[in-house]
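Residue numbers (this note's numbering): 1071 to 1283.
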């Protein structure tokens, strides 16, 4: 059977499944809430997949390369396509908005492909763990979009909210390609802080869902 199926890729696969689920639920006529929850779950799984993979000390070069590729492919679905599906669920269904979502996904694709090339080159010169990213990581949208959605919820989703969402998504796409940032990688002790934030945010979102149901 093709592929690798050890525990190092389980979280990546769960992230991908969550992303696809969010896309389907968003396009099925929801208001984007389920998509946002799935986006947060994908971000949570992605937070730990690298740390889990690093615990396997005897990974072959093929397994390492497979891990990089499968992670980026999953990220493209979860953090490149799902945000557009959430925008569609918010009512942005005209052709020009779909074009915007497609361009956002393209920006995410380019960003991830560039990261793969840079990461492969880095691993040829050092065996250390990456400590920072050059530019805005596409996975940052797992924090960015839920914050926007939560602010919209607090403001009772004004009529202009979908358009604000689209503008913010467009700005994020530009930032992924143009921003020359040295973004520290989440790891070490701060990974537990971020995991706590994700768990708390997901719990709050679940409570909100039950109250609105």
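No residue lacks a Cβ here, since even glycine has one placed at the ideal position from N, Cα and C.
First through last residue of the alpha helix (DSSP H) which encompasses residue i
| i | result |
| --- | --- |
| residue 1142 | 1131-1145 |
| residue 1153 | 1152-1159 |
| residue 1091 | 1080-1097 |
| residue 1243 | 1231-1248 |
| residue 1121 | 1103-1123 |
| residue 1073 | Residue 1073 -> no alpha helix (DSSP H), and no H or E assigned at all. |
Minimum C-alpha distance to residue i - residue among the options
| i | options | result |
| --- | --- | --- |
| residue 1190 | 1117, 1132, 1074 | 1132 |
| residue 1139 | 1232, 1079, 1211, 1224 | 1079 |
| residue 1182 | 1169, 1207, 1102 | 1207 |
| residue 1073 | 1111, 1135, 1098, 1116 | 1135 |
| residue 1106 | 1115, 1089, 1099 | 1089 |
| residue 1288 | 1096, 1112, 1222 | Examination of residue 1288 is not possible in this model, given that the chain is present from 1071 through 1283 alone. |
| residue 1241 | 1076, 1098, 1185, 1178 | 1178 |
| residue 1102 | 1218, 1123, 1085, 1175 | 1218 |
| residue 1117 | 1085, 1076, 1174 | 1085 |
| residue 1122 | 1224, 1175, 1137 | 1137 |
| residue 1147 | 1228, 1114, 1109 | 1109 |
Whole-Å CB distance - residue i paired with residue j, under 8 Å assumed
| i | j | result |
| --- | --- | --- |
| residue 1119 | residue 1082 | 5 Å |
| residue 1157 | residue 1239 | 6 Å |
| residue 1152 | residue 1087 | Not a contact, Cβ separation roughly 12 Å. |
| residue 1127 | residue 1076 | No, residue 1127 and residue 1076 are not in contact; Cβ-Cβ is about 12 Å, not under 8 Å. |
- prompt: Does the segment 1157-1175 come close enough to the segment 1215-1235 that 3 or more CB-CB pairs lie under 8 Å?
  reply: Flag = yes, the segment 1215-1235 and the segment 1157-1175 touch.
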